[in-house]
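A.B. asks:
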Ligand code: SF4
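Numbering (our numbering), first residue to last: 572 to 673.
1. Does the distance between the C-beta of residue 659 and the nearest non-hydrogen atom of the ligand SF4 fall short of 7 Å?
2. Where do the N-terminal and C-terminal ends of the alpha helix (DSSP H) with residue 581 fall, by residue?
3. Over what stretch of residues does the alpha helix (DSSP H) that includes residue 616 continue unbroken?
4. According to the Cβ coordinates, are residue 552 and residue 592 closer than 8 Å?
5. Quick check on DSSP: helix, strand or coil for residue 629?
6. Please name the residue, chosen from 650, 623, 642, that lies closest to residue 632 on a Cα-to-Cα basis.
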């Protein structure tokens, strides 16, 4: 996707979509470091087994939004997982985000 085709309005809607924020080992290490926690403590406190039974994902709030969403901002933005970093250049859900063309 060309950068000019995408302009984020920082609404946070993509952090409220149903589904998992899948985590790599690197994501876990980066988030744990950001929160000044041991990796294992981060895993126990902030993750759960994803439905694919092969990866961990971030826990959600009762309303389904990501537990790190505060208002419409990401509380761990500098350390956000690769899945979040890659949207929408590497993956996209057609029609879900009004700011993404295509
Ligand atoms: S980690 Fe941050 S960017 Fe990723 S879904 Fe959660 S609030 Fe959104």
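Just so you know, even glycine gets a beta-carbon here, dropped at the ideal spot from N, CA and C. Please read all numbers here as calculations on a predicted model, not as lab measurements.
C.D. replies: Looking at the atomic coordinates:
1. no
2. First-last for residue 581: undefined, no H or E at that position.
3. 610-617
4. Past the boundaries of the shown model lies residue 552; the chain is included only from 572 to 673, so the question cannot be answered.
5. strand
6. 642
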